[in-house]
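Enquirer: I'd like to ask you about the structure that follows.
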């Protein structure tokens, strides 16, 4: 799955959390962050700390893979993050 925006990343985190049957509180505890921080990540707030996002992804068993953006795309979107995980 290619991620272009913080909102898309948040939606992917939420989908994986739901698929794993985790509450926000349970995932936040597993990731070592506050539930409020997890809510901000899931809502796609772009000001989220990357370290916290990585903690959440790790707690869900997900990795981030950097890949070059396909050529021919306009410069408005950054296409660098590819969330690698099962079922996403």
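In the working numbering, the protein residues as written are 203 to 290. C-beta atoms are modelled at their ideal positions from N, C-alpha and C, and glycine is treated no differently. These numbers come from a predicted model, not from an experiment.
1. Pick from 244, 213, 211: whose alpha carbon is nearest that of residue 227?
2. What is the DSSP secondary structure of residue 279, reduced to helix, strand or coil?
3. Apply the 10 Å Cβ neighbour rule to residue 223 and answer buried if 16 or more other Cβ atoms are within range, or exposed otherwise.
4. Where residue 214 and residue 273 are concerned, what is the direct C-alpha to C-alpha distance, given to the nearest angstrom?
5. By DSSP, does residue 265 sit in helix, in strand, or in coil?
6. In whole angstroms, give me the CA-to-CA distance for residue 249 and residue 233.
Expert: With the structure as the only source:
1. 244
2. Because the pLDDT of residue 279 is 43, which lies under 50, any placement of that residue in the model is unreliable, and the number read from its coordinates should be weighed accordingly. When DSSP states are grouped into helix, strand and coil, residue 279 belongs to the coil group.
3. exposed
4. 25 Å
5. strand
6. 18 Å
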